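These notes are about the structure you will find just below.
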Amino acid sequence: METETAQTYISGSLCLPEGYSPALSLRETEQAIKFIKDTFQSGLAAALNLARVSAPLCVTAVSGLNDHLNGVETPVRFSIRSIGEDVEIVQSLAKWKRAALADYGFGHGEGLYTDMNAIRPDETLDNLHSVYVDQWDWERVINADERTVPFLEGVVRDIYGVLLRTNRLVRERYPSVPALELPDELVFVRSEDLESDDPDHTPQERVDRICRESGAVFVIGIGAPLLSGVPQDGRAADYDDWSTPTDETHHGLNGDLFIWNPVLGCAFELSSMGIRVDPSALLRQLKTRGELANRDLPYHRRLLAGDLPLTIGGGIGQSRLCMLLLHTAHIGEVQSGVWSGAMRSACFTAGIPLL
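Offset between the sequence shown (1-based) and my numbering: plus 486.
Below, the structure written as structure tokens:
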């Protein structure tokens, strides 16, 4: 059994690749960021039949619309004097998008995407993580027959195809950027199988191993406890369906897309997505997490009443995508963020220019 594991930068450690030098100047980098974002989002919209919509920066605290991520992160909350209510900066738009599909009248096979800008103050800062999160949040209406793993895999392949095309166009436009070698086909794996094949390592170490071997992997089943009692990763109870049995040994209709990052030598999470909860899955997951009281929140009442469509959706990191395709060593090279003086100094010494 392979014992070597990659550094995954999930606990604030800073990676300073030896001999690192950015492939583009600061000005060229800014131009490349725009090119990547324009190229990818147009391809995503075409591949999944998505229309662009505007999205909120904050939502009322009592609406139940904010994404609670793993259930332990603290959203930025403040009071709006003129309306006398507390609001929260979004942590993602996982639930807002589903309500928008209903309110805007989207039909089966149609969807939306938006620029999501979030603040996550509890994030541990390192090469991959920033307090500021920018991603494409997308959501599409499905029917009950499409709530299956094969349908999920088909959508993931469509998104991966957009990534392959964007990577090719970046290589043509910016030949000085080292080539990102992506496999033509993704590997799909269930989190339960990763654990049974390699029970002696952590969930993240298992992902590092298979991603290093395959180059690109989609791990299905994120949120439900595995046999060890530890989930592959955390998920809130009220958007992704991570509890529905799909056969005798597997659960979950969601997953994460990982690409091997050659600069940092780690599995690089680019997207989280999944088929969303139906009413029965919502109640089951709220009960599992001890959050049944949340069913009385406005969003949850709408879902349980059947006022919201069945959907599939997810988020794709914008700065993460730019970081990957431009071979940068730090997310601060492709977004203007807030970093400690020590991190800025260390990155400057290592030739990593933070915006």
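Just so it is clear, CB atoms sit at the ideal spot from N, CA and C, and this is done for glycine as well.
Only a predicted model underlies this, so the values are computations on that prediction, with no experimental measurement involved.
Could you check whether the region 504 to 517 touches the region 812 to 831, counting it as contact only if at least three pairs of C-beta atoms, one from each stretch, sit closer than 8 Å?
yes
Is the separation between the beta-carbon of T772 and that of A723 shorter than 8 Å?
Note that residue 772 is Leu in the sequence shown, not Thr. Their beta carbons are under 8 Å apart, which means L772 touches A723 by this criterion.
State buried or exposed for E504, treating a residue as buried only when at least 16 other CB atoms are found within 10 Å of its CB.
exposed
Please state if the CB of Y725 and the CB of D553 are separated by a distance shorter than 8 Å.
yes
Taking all protein chains shown into account, decide if E625 is buried (16 or more other Cβ within 10 angstroms of its Cβ) or exposed.
buried
How many Å lie between D679 and V705 at the Cα?
10 Å
Quick check on A665: buried or exposed, where buried means 16 or more other Cβ atoms within 10 Å of its Cβ?
exposed
Cβ atoms of T546 and V573: under 8 Å apart, would you say?
yes
Does the structure place the region 575 to 583 close enough to the region 510 to 521 that three or more beta carbon pairs sit under 8 Å?
no
Please go through the same chain and pick out, in chain order, the residues whose beta-carbon is closer than 7 Å to the beta-carbon of I496, but skip the five residues on each side of it.
Low confidence applies here, because I496 scores a pLDDT of 47, under 50, leaving its location unreliable and the question unanswered by this model.
Measuring only the C-alpha atoms, how far is F674 from D694?
14 Å
For T621, which beta-bridge partners are listed by DSSP?
Reading off the sequence, residue 621 comes out as Gln, not Thr. According to DSSP, Q621 bridges with M602, G803.
From P669 to V548, what distance separates their C-alpha atoms?
45 Å
Quick check on the burial criterion: 16 or more other C-beta atoms within 10 angstroms. Buried or exposed for D608?
exposed
Where A702 and K523 are concerned, what is the direct C-alpha to C-alpha distance, given to the nearest angstrom?
21 Å
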